[in-house]
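Residue numbers (the working numbering): 4 to 853. Every residue gets a Cβ at the ideal spot worked out from N, C-alpha and C, and that includes glycine. Given the structure is predicted, the values throughout are model-derived calculations rather than measurements.
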Amino acid sequence: MTVQTERPRLERYDPASIEPRWQRTWDKAGLYRTDLHDKDRPRFYLLTMYPYPSGDIHIGHWYIITPTDAIARFHRMHGENVFLPIGFDAFGLPAENAAIKNNINPRDWTMSNIDNMRRQLRTMGATFDWEAEVVTADPGYYRWNQWFFLQFLKAGLAYRQTSPVDWCPNDGTLAREQVEGADRHCWRCGAKVEKRDLAQWYLKVTRYADELLDFSGLIWPEPIKAQQTNWIGRSEGGEIVFETASSEHHAGGAELRVFTTRPDTLFGATFMVLAPEHPLVAELTAPDRKAEVDAYVAQAAIRTEIDRLSTDRDKTGVALGADAINPVNGERIPIFVADYVLGGYGTGAIMAVPAHDERDYAFAEKYGLPIRRVVAAPGDEERELESAYLAHAAGERLVNSGSYTGLGAGEGGAAIVGALEAQGKGRTAVTYRLRDWLISRQRYWGTPIPVIYCERDGIVPVPDEDLPVRLPDTVDYRGSGENPLARDETFLNVSCPQCGGPARRETDTMDTFIDSSWYWYRYLSPEKAGSPIDRALVDTWTPVDQYTGGAEHAVMHLLYAREWTKMMRDVGLVDQDEPFKRLFNQGQILGLDGERMSKSRGNTVDPDDLVARYGADTVRLFLMFMGPWDQGGPWSPTGIGGVHRFLNRVWTIVLDASGREPGDPESGTLPAGVDEAAARLQLRQAAHRTLKGVTADYEAFHFNTMIAKLMELANVLMRFRGSSVAGSPEWDEAVRLSLLMLAPAAPHITEELWSRRQSAAGAAPSSIHTETWPAVDEAATVEATREVPVQVNGKVRDRIVVASDVSAEDLERAALASEKVQALLAGRVPLKVIQAGGGRLVNIVVLDAG
RNA sequence: GCCGAAGUGGCGGAAUGGCAGACGCGGCGGUCUCAAACACCGCUGAGGGCAACCUCGUAUGGGUUCGAAUCCCAUCUUCGGCACCA
Numbered sequence: 004m005t006v007q008t009e010r011p012r013l014e015r016y017d018p019a020s021i022e023p024r025w026q027r028t029w030d031k032a033g034l035y036r037t038d039l040h041d042k043d044r045p046r047f048y049l050l051t052m053y054p055y056p057s058g059d060i061h062i063g064h065w066y067i068i069t070p071t072d073a074i075a076r077f078h079r080m081h082g083e084n085v086f087l088p089i090g091f092d093a094f095g096l097p098a099e100n101a102a103i104k105n106n107i108n109p110r111d112w113t114m115s116n117i118d119n120m121r122r123q124l125r126t127m128g129a130t131f132d133w134e135a136e137v138v139t140a141d142p143g144y145y146r147w148n149q150w151f152f153l154q155f156l157k158a159g160l161a162y163r164q165t166s167p168v169d170w171c172p173n174d175g176t177l178a179r180e181q182v183e184g185a186d187r188h189c190w191r192c193g194a195k196v197e198k199r200d201l202a203q204w205y206l207k208v209t210r211y212a213d214e215l216l217d218f219s220g221l222i223w224p225e226p227i228k229a230q231q232t233n234w235i236g237r238s239e240g241g242e243i244v245f246e247t248a249s250s251e252h253h254a255g256g257a258e259l260r261v262f263t264t265r266p267d268t269l270f271g272a273t274f275m276v277l278a279p280e281h282p283l284v285a286e287l288t289a290p291d292r293k294a295e296v297d298a299y300v301a302q303a304a305i306r307t308e309i310d311r312l313s314t315d316r317d318k319t320g321v322a323l324g325a326d327a328i329n330p331v332n333g334e335r336i337p338i339f340v341a342d343y344v345l346g347g348y349g350t351g352a353i354m355a356v357p358a359h360d361e362r363d364y365a366f367a368e369k370y371g372l373p374i375r376r377v378v379a380a381p382g383d384e385e386r387e388l389e390s391a392y393l394a395h396a397a398g399e400r401l402v403n404s405g406s407y408t409g410l411g412a413g414e415g416g417a418a419i420v421g422a423l424e425a426q427g428k429g430r431t432a433v434t435y436r437l438r439d440w441l442i443s444r445q446r447y448w449g450t451p452i453p454v455i456y457c458e459r460d461g462i463v464p465v466p467d468e469d470l471p472v473r474l475p476d477t478v479d480y481r482g483s484g485e486n487p488l489a490r491d492e493t494f495l496n497v498s499c500p501q502c503g504g505p506a507r508r509e510t511d512t513m514d515t516f517i518d519s520s521w522y523w524y525r526y527l528s529p530e531k532a533g534s535p536i537d538r539a540l541v542d543t544w545t546p547v548d549q550y551t552g553g554a555e556h557a558v559m560h561l562l563y564a565r566e567w568t569k570m571m572r573d574v575g576l577v578d579q580d581e582p583f584k585r586l587f588n589q590g591q592i593l594g595l596d597g598e599r600m601s602k603s604r605g606n607t608v609d610p611d612d613l614v615a616r617y618g619a620d621t622v623r624l625f626l627m628f629m630g631p632w633d634q635g636g637p638w639s640p641t642g643i644g645g646v647h648r649f650l651n652r653v654w655t656i657v658l659d660a661s662g663r664e665p666g667d668p669e670s671g672t673l674p675a676g677v678d679e680a681a682a683r684l685q686l687r688q689a690a691h692r693t694l695k696g697v698t699a700d701y702e703a704f705h706f707n708t709m710i711a712k713l714m715e716l717a718n719v720l721m722r723f724r725g726s727s728v729a730g731s732p733e734w735d736e737a738v739r740l741s742l743l744m745l746a747p748a749a750p751h752i753t754e755e756l757w758s759r760r761q762s763a764a765g766a767a768p769s770s771i772h773t774e775t776w777p778a779v780d781e782a783a784t785v786e787a788t789r790e791v792p793v794q795v796n797g798k799v800r801d802r803i804v805v806a807s808d809v810s811a812e813d814l815e816r817a818a819l820a821s822e823k824v825q826a827l828l829a830g831r832v833p834l835k836v837i838q839a840g841g842g843r844l845v846n847i848v849v850l851d852a853g
């Protein structure tokens, strides 16, 4: 019969009983309400991209938000006044489509989703200031979209224009990003997207093209800057004026302007091409060519953009039966219309230089047009071209170029443009790929554009006092490709604010990217009447110190937000050029199918089950531990148990220092050869080295290695648990530091253990989250001795233990004295001995005897 | 085609000029238990050797260096973005 020594069983770590309790406590105490008027502490505006209220918070949201929350908590522990708001990007197509499908109002659908998501967001234990919440579908928010629009209209930054837009036969106008895939289909119904000519509202963002290329002062990821730079697409070159030649049917002398990045190749222009939309096409077409040209232009208009733009497609085009005169040599060259030239870029017309442009080459080959080489590397002048020569070779020169022959390409181009400029026939020019922002949408669930069309007065802005133009709730929003608001007579018909006569409202709504172009300013004063922003708060709190969100918004939201800030600046609303000082893009969690997680794909992972099983702290920690935050990757819950075990160990270490491990015979004893004093020193060194590393990792958002370091420290503590060291001051400090370091990442368990420690010590209760981040004792991170690897010819052959403050001479002597080194040297004399990193490593170099 | 990111054990990943594989998962062995679960301990890149150890090894091929996963050149692969932008 065995006698069992009964110890009270350690209470199990049970997140379900801890987490909701602390969430309620924090909430009640208002721990995370930010006093925006506090002038004493340094301010830190931390912004994370607000979610679209699709209905459920999935694991992807957690991946974005919980590390951001850890950053907020880390900064608070440094005494900063942190503002971390949240809101909902509540307008947009999915609400409208879901509403149509389920036959409910988009507003009801959206608002009930928001209620649900608010509840789910709280289970993360995130420190959002809910008082600052913004919901963009609220009239109190979108009225300011309208107000901004009217300001921009007044300032000439908004204008209306008829132009071809992407149009889905089922869903109407689509945003650029809602057209997917190489075949340009509608993201929702898969139908092929067409072009339609519609009168649309635009914001004049191209005005900022150059300014947008300037990222100085912004701490943004390089890939995002590169993507925006590409999107803006600045190219430098020249604009050259060709005149049309006179003929039987045409008087001649009309100006045809072309943009080219290669003015040096002007002598190689053997024909010209106009885009089908070019205004001079009809005028220049010879009567006998008219039928064919008209047919071609008509066909080009109905063709989808991708068909036109596909590089695989054969070049097509027809001759107009008219000629242009090359301004540099007076040569007559034929004019074609072809859809490989785009109406919306440059001047919509090109000089074609087949010898030095692939597209022109293909066209010239097909239609038997002359190909004249005007740039050649030395010795290549007479060689026949088999394809367009684009490369820039050393020593290449202009050939067949009149008086410019012999010049280098760069200087030749400049000389040609300079000569033309003197005659008023050319100039240096810059063109951008960036277009003005088309903001009109033929959808219901968005901000009504606040203008009125009067038969007498034309376009009349809605007066300020009549804002907001409310979105009617009762509209038949079911999609039929037609504009829903146009079907609502009471919305549609108004009297003109100027003349009182009959007038109609604009029935388009705004692109929902407008909502997200200024929401962080509104967070500072969500209820403010009379102005969209509180100027004093905006001036003190913005630009945003740190923005976190997905890289998928690189050229949409993040570019719009910059443009909008510049427009606000130009109408005198803010005194800043850029909205976000520092940007971090976290990666994306993909579904098990490797695809982006989204409700419409049905591959979302619900965190609720994981939270129920492991608790929010484990889920938070696991998401941070998976890998580098900016990397993302496919979701797999494998391994979450390891993180949970870590928290269990922390629980055990804090609450039961003197316990023994049931399965470990060594438990409770110090390792062989280590006395208590040495063990206590080791513990203190481990704790402070961890603190140093963890602090740096938080600052760099390296959460995965931060957690790894905490695990290592916990493993050290676990080894000493139950030993004579366990109750020592060093043990106590290591435990205390562990909790403080873990607090931003796992707020609930650390709060619980902190409060238990305090009550055990008889201290007054206070939150760990109001504690100050501990300071590293640098002296404690230095060990008395260290191990130095010794290499012979770059291969590690031995490790020697030396005093930390060993001199270089002594270290070299010790390294050479190593038996293994001596054996390898076999009597040879070292050529040199290198010490790296201040004696962190020794490399002994000898001649290899072979 | 152009721009960008990345290739390291069975897996997620660590190390950004100085001990490759920290930390964790999985696997194997063990302790605890009547048993299971939980928990804990040990081992775990490949090949060789009884062993101390040795050899190889960070997509591929070259280079720079006393020393390269890390820097340079070329190539291959994967992912993201753009795509007839003159």
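On the criterion of 16 or more Cβ atoms from any shown chain inside 10 Å, does residue i qualify as buried, or is it exposed?
i	result
Leu686	buried
Cys502	exposed
His395	exposed
Ile771	buried
Glu566	buried
Ala1	Since the first residue of the chain shown is 4 and the last is 853, residue 1 is not available in this structure.
Lys1	There is simply no residue 1 to check, as the chain begins at 4 and stops at 853 in what is shown.
Thr28	exposed
Pro266	buried
Ser741	buried
Arg816	exposed
Asn332	exposed
Gln302	exposed
What number of angstroms, rounded off, separates the C-alpha of residue i from the C-alpha of residue j?
i	j	result
Arg538	Gly575	11 Å
Asp491	Gly128	44 Å
Cys189	Glu468	39 Å
Pro792	Glu812	16 Å
Gln761	Trp521	44 Å
Ser250	Pro290	12 Å
Ala352	Val344	7 Å
Thr784	Leu673	21 Å
Val340	Val261	14 Å
Val138	Tyr144	7 Å
Val276	Ile89	52 Å
Ser390	Ala380	15 Å
Glu485	Pro466	27 Å
Thr708	His40	36 Å
Asp518	Ile227	21 Å
Pro582	Glu334	53 Å
Name, in chain order, the residues that DSSP records as bridge partners for residue i.
i	result
Phe274	Ala355
Ile771	The partner list for Ile771 (beta bridge, DSSP) is empty, contrary to what the question assumes.
Gln761	For Gln761, which the question treats as bridged, DSSP gives no partner whatsoever.
Gly636	Ile592
Asp326	Pro337
Ile536	Answer by DSSP bridge pairing: none, since Ile536 is not bridged.
Give the C-beta separation of residue i and residue j to the nearest angstrom, bearing in mind that I take them to be a contact with Cβ-Cβ under 8 Å.
i	j	result
Gly636	Leu595	Gly636 to Leu595, Cβ: 12 Å. No contact.
Val356	Gly271	4 Å
Ala358	Tyr392	6 Å
Leu441	Gln203	5 Å
Leu613	Ile656	The pair is not a contact, with the Cβ atoms about 24 Å apart (cut-off 8 Å).
Does the pairing of the segment 395-406 with the segment 224-243 give three or more beta-carbon distances under 8 Å? As far as the Cβ criterion goes, the segment 395-406 does not touch the segment 224-243, which means the pair count is below three.
Determine contact between the segment 327-334 and the segment 241-257, defined as no fewer than three beta-carbon pairs at a distance below 8 Å. They touch, by the three-pair rule.
Contact between the segment 146-157 and the segment 440-456 is defined here as three or more beta-carbon pairs at a separation below 8 Å; is this criterion met? Enough Cβ pairs lie closer than 8 Å, so yes.
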